[in-house]
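Note sheet for the following structure.
Protein chains: 2
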Amino acid sequence: MITIKDIARVAGVSHTTVSRALNGSPLIKKVTRDKIERIAAEMNYVPNYNAKSLVTKRSFTIGLFFSSIDQGTSSSFLVDAIKGISHALDENYNLTVHGIDGVRNFGNIQPQRFDGILVMSQSDEDNAFIYHVKTIGIPLVVLNRQLEDPGIMNVVANDREGVREAIDYVVSQGHRQLAIIEGKPGFKSSTERKQGFLDSLIAHRIPLNSDYFVQGDYSIESGYAAMSRLLSLPEPPAAVFCSNDDMAIGAMNACYAHKISVPQQISLLGFDDIMFARYTNPALTTVRKPIADISELGTKMLIQLLLQPDTKPQQLFVKTSLVVRDTVADR
Amino acid sequence: MITIKDIARVAGVSHTTVSRALNGSPLIKKVTRDKIERIAAEMNYVPNYNAKSLVTKRSFTIGLFFSSIDQGTSSSFLVDAIKGISHALDENYNLTVHGIDGVRNFGNIQPQRFDGILVMSQSDEDNAFIYHVKTIGIPLVVLNRQLEDPGIMNVVANDREGVREAIDYVVSQGHRQLAIIEGKPGFKSSTERKQGFLDSLIAHRIPLNSDYFVQGDYSIESGYAAMSRLLSLPEPPAAVFCSNDDMAIGAMNACYAHKISVPQQISLLGFDDIMFARYTNPALTTVRKPIADISELGTKMLIQLLLQPDTKPQQLFVKTSLVVRDTVADR
DNA sequence: GAATACACTGTAATCGTTAACAATTCACTT
DNA sequence: AAGTGAATTGTTAACGATTACAGTGTATTC
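Below is the structure:
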């Protein structure tokens with residue numbers, strides 16, 4: 004393995020000069036820099052990042068932590084996240100991936116091991132981890148889940164606005180009896196999405212019917228159960244907004260079971276645009292949560308934070324988009 | 004940040020002794036070791052891995068490379084892979100994740116940066132990368148895709164056997180007019196799965212009908228197209244084996260479009276058991292490819308390879324399992 | 001009671017890099 | 001021709017660990 008000293012020898016300079024030349028120091032004369040760069044390239048020099056890290060105290064690694072590695076749901080999250088992050092990260096940074104639940108002792112999470120940390124959060128159970136990271140002072144960005152704490156950089160989708168737009172669309176298609184299957188109680192995302200639903204209804208002066216608000220918990224099964232309840236109503240709704248796609252899939256299955264055809268007899272709207280939304284039958288109309296964009300923006304914010312540690316934490320919202328497919332009928 | 008020298012100072016020993024004590028050297032007396040360990044714990048000592056790496060020439064990081072980071076398909080692969088790997092990897096190893104297509108120059112892939120590399124391969128376009136890794140001598144295990152080269156550690160599913168068993172099952176349900184939608188031409192997995200299909204048909208003395216062999220390319224669209232062709236046959240098959248789940252989903256959609264009900268009029272069988280297989284309507288009967296198990300076993304082999312570099316490369320097969328759901332009718 | 005062996009601990013060099021500080025070179029002034 | 005300051009380059013000491021080698025102390029042997 005060749006080192007800067009090897010290069011120094013053939014270039015006839017000191018290894019310090021080589022170091023400086025290769026790191027773009029303005030101190031070095033152009034001709035020597037060019038010569039050294041040429042030689043380094045010829046010798047296929049690759050810097051030893053451990054030595055670099057040892058002295059600069061930067062690890063050149065960013066850690067991505069996500070809620071659970073063992074729970075089955077929402078797997079496409081992770082791929083999209085990695086996609087977005089890779090786009091924003093330059094090649095001599097390493098991205099390491101961990102499940103938060105796999106971290107047995109927080110002691111291993113140390114500034115010397117991570118230049119920065121991204122948390123793809125899905126539940127407030129992550130808070131203990133998040134505060135540990137914050138406490139020991141590693142630059143941190145939390146993605147996907149809206150935080151109450153304004154002291155932490157946070158990038159999320161604008162759920163409320165996204166849902167409002169989607170419901171506006173459903174209303175514009177002529178539906179006025181709208182129901183909602185709500186998300187898991189206590190989750191910020193649940194209330195945000197519900198708010199967006201209400202925003203639209205109120206804006207359109209649609210009277211609120213308490214029968215049309217039913218509880219779910221983001222699981223397929225809860226979507227099935229909730230939809231069954233709605234279908235058994237004396238006057239079932241014309242359209243149902245499901246607070247996530249999983250529940251929409253459950254709801255669709257409930258419709259099949261009750262011989263109700265979608266969207267002819269009832270319209271369905273999801274949220275997330277998971278990969279499978281395109282494959283349901285009929286294909287699900289839904290609100291796309293741009294995980295890749297969120298991750299990319301979050302990574303950029305993290306890099307910003309690395310360069311200027313005193314950057315003020317903010318809460319950034321990424322716009323969602325409505326994906327019109329086949330589950331909302333036009334009347 | 005506290006170092007072994009700090010510990011040495013309070014313990015009244017040299018830092019060498021601390022290093023030895025903390026690394027389980029047999030040279031150290033039990034009482035000193037205990038004392039040092041106690042002090043280290045009290046001081047919340049965490050070793051500096053960069054310093055360690057610099058001198059031991061081990062990086063404590065394993066790289067996971069997968070074919071493409073930007074292609075949309077088979078996302079659950081990655082999560083399952085990370086799951087399996089995390090299980091087998093002890094906590095002071097870091098797992099870094101990269102798309103092979105994101106690697107702009109191979110020069111960055113260096114022994115000093117990776118103790119070992121896992122490649123989750125999906126196409127033979129990965130070969131250039133694989134051989135680069137092999138050439139520079141980084142311990143390597145290729146997962147998921149069967150290699151011709153016996154010089155590389157390789158862990159894959161036993162596709163052929165898995166398909167044979169699945170078709171045996173379909174036959175046992177009373178179907179005898181069996182069709183196959185084949186995978187992408189030139190792919191090892193395509194021929195393996197086809198072989199499994201043939202194995203079963205031959206074992207059951209079912210005559211081969213050339214109309215029932217149609218080409219696909221693993222995409223949903225190709226599944227749709229292939230199924231349309233089969234349905235337009237004067238005598239459509241009773242059951243169709245799709246060489247992966249994506250094509251099965253396409254095929255199912257084709258059935259819907261042709262008003263053919265699954266499984267009443269035609270049975271469908273997939274391969275992979277992607278996450279969505281459970282959510283299709285009806286839920287897809289398929290052959291489960293145990294990605295997590297493959298990854299876990301692969302990781303164990305890699306660790307073996309790290310400990311004993313002269314371990315003979317082998318090709319390991321992990322058994323698939325048939326997941327019976329609702330798309331194969333019982334006659 | 002000295003020699004020897006063994007068990008344990010310490011000294012100092014090393015890994016490949018950066019960076020504070022010192023030294024040299026060079027082009028201008030005067 | 002010497003002085004000055006700026007522009008380059010070099011010397012050397014870190015960074016935090018491991019490890020070859022040297023040293024100490026104690027028990028065993030004769």
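Quick mapping for you: the protein sequence lines, in order, are chains A and B. Heads up: the first sequence is residues 4 to 334, going by the numbering used here. Heads up: the second sequence is residues 4 to 334, going by the numbering used here. We put the CB at the ideal spot given by N, CA and C, even for glycine.
With fewer than 16 neighbouring CB atoms inside 10 Å of its own CB, R208(B) falls in the exposed class.
Using a Cβ distance threshold of 8 Å, I103(A) and V136(A) do not count as a contacting pair. Excluding its 5 nearest sequence neighbours in each direction, L325(B) has C-beta neighbours in its own chain below 7 Å: E168, A169, Y172 and V290, listed in chain order.
Nearest CB-CB separation between T330(B) and chain A: not below the 8 Å threshold. DSSP places I5(A) in the coil class of the three-state scheme, outside both helix and strand. When C-beta atoms of the stretch 246-263 of chain B are compared with those of the stretch 278-288 of chain B, three or more pairs fall below 8 Å, so the two segments count as touching. Its chain contains P316 as the residues whose beta carbon lies nearer than 7 Å to that of G154(B), once the 5 sequence neighbours on both sides are disregarded; these appear in chain order. Between P142(B) and L308(B), the CB-CB gap stays under 8 Å.
When the five nearest sequence neighbours on each side are left out, the beta carbons in the same chain lying within less than 6 Å of the beta carbon of D275(B) are those of N247, D248 and K292, in order along the chain. Bridge pairing for N97(B): T64(B) [DSSP]. For R163(B) and K322(B), the gap between their C-alpha atoms comes out near 10 Å. Interface flag for E224(B) against chain A is unset, since no Cβ pair is found closer than 8 Å.
Within the same chain, Cβ atoms closer than 8 Å to the Cβ of S192(B) are found at R148, Q149, D162, G186 and S246, the five residues on either side in sequence being excluded. With fewer than 16 other CB atoms across the displayed protein chains lying within 10 angstroms of its CB, E238(B) is exposed. Partner residues in the beta bridge of A242(A), as assigned by DSSP, are L181(A) and S270(A). The residue from S175(A), M278(A) and G66(A) with its alpha-carbon nearest to that of L98(A) is G66(A). For the beta strand (DSSP E) assignment, the uninterrupted runs of no fewer than 3 residues enclosed by the stretch 265-318 of chain A are, from N- to C-terminal side, 270-275 and 289-291.
Across the stretch 103-125 of chain B, CB contacts with chain A closer than 7 Å involve G105, R107, G110, N111, Q113, Q115 and R116, in sequence order along the chain. Taking a C-beta distance under 8 Å as the contact criterion, S270(A) and T330(A) qualify as a contact pair.
With distances taken between CA atoms, A257(A) lies nearest to Y227(A) out of P240(A), A242(A), Y227(A) and R232(A). With respect to the C-alpha of A182(A), the residue from P210(A), V49(A), S222(A) and V159(A) having the closest C-alpha is P210(A).
Contacts with chain A at 8 Å (Cβ-Cβ) do not include V321(B). With respect to L305(A), G119(A) sits close: the two C-beta atoms are nearer than 8 Å. Note on geometry: alpha-carbon atoms of A11(B) and V145(A) lie some 38 Å from one another. Residue contact check for L81(B) against chain A: a CB pair falls below 8 Å. When secondary structure is reduced to three states using DSSP, I42(B) falls in the helix class. Under DSSP, M123(A) shares a beta bridge with F69(A) and L146(A). Of all residues in the stretch 47-58 of chain A, those with a C-beta nearer than 8 Å to a C-beta of chain B are N47, V49, N51, Y52, N53, A54, S56 and L57, reading in chain order. Interface flag for S89(B) against chain A is set, since a Cβ pair is found closer than 8 Å. Listed in chain order, the non-local C-beta contacts of T64(B) below 8 Å within the same chain comprise Y96, N97, L98, T99, R116, F117 and D118, local neighbours out to five positions each way being set aside. For F109(B) and S225(A), the gap between their C-alpha atoms comes out near 48 Å.
Contact of I252(A) with chain B is assigned, a C-beta pair being separated by under 8 Å.
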